[in-house]
Amino acid sequence: PPKWMAPASMEGCSCVYVLEIGYSMNDNERVPPRYYVGETDSLSRRLSQHRCKGKEWASLSAVAVRVGGGKTEARNVESLVIRKMAKAGYDLVSVSDGRSIRSNGSVNN
859 PPKWMAPASM EGCSCVYVLE IGYSMNDNER VPPRYYVGET DSLSRRLSQH RCKGKEWASL
919 SAVAVRVGGG KTEARNVESL VIRKMAKAGY DLVSVSDGRS IRSNGSVNN
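When the letters of the sequence shown are read in order and numbered with my numbering, they come out as residues 859 to 967.
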């Protein structure tokens, strides 16, 4: 939900998150949301950074999942989620991280 902050137990853990950005009603017309998928080891910091991007980002909703296996695995999950959401037709803010799977620090397309 808007203004949700990550619990302290998520800090320092690799996680993947999905943000719903900018859902609103303009002149009784529904403006569909856009989505952003990211990964981080500091969810509270990243949510704060995203919310500072402007009005549409300030009221974002977030869902986060802790990922075992460290940063590399979190990046792989992030990439997979981006590709699946793009294929399903979600309006994504960025799809660049969905183009590659990382393995042992290298990038595979």
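Where a beta carbon is used, it is the ideal one built from N, C-alpha and C, also for glycine.
Buried or exposed, going by whether 16 or more other CB atoms sit within 10 Å of the CB of R924? exposed
Are A946 and V874 closer than 8 Å when you measure CB to CB? no
Complete runs of the alpha helix (DSSP H) confined to the segment 883-938 [at least 4 residues]: 901-909, 913-916
With three or more beta-carbon pairs closer than 8 Å as the criterion, would you say the segment 935-952 touches the segment 891-898? yes
In the DSSP assignment, find the unbroken beta strand (DSSP E) run with V874 in it and report its ends. 873-879
Once you ignore the five residues that flank G928 on each side, which residues in its own chain have a CB closer than 8 Å to its CB? S872
Between M863, V876, S902, which has its C-alpha nearest Y948's C-alpha? V876
C-alpha gap between G812 and W915, whole angstroms: Shown here, the chain extends from 859 to 967; a query on residue 812 therefore has no answer.
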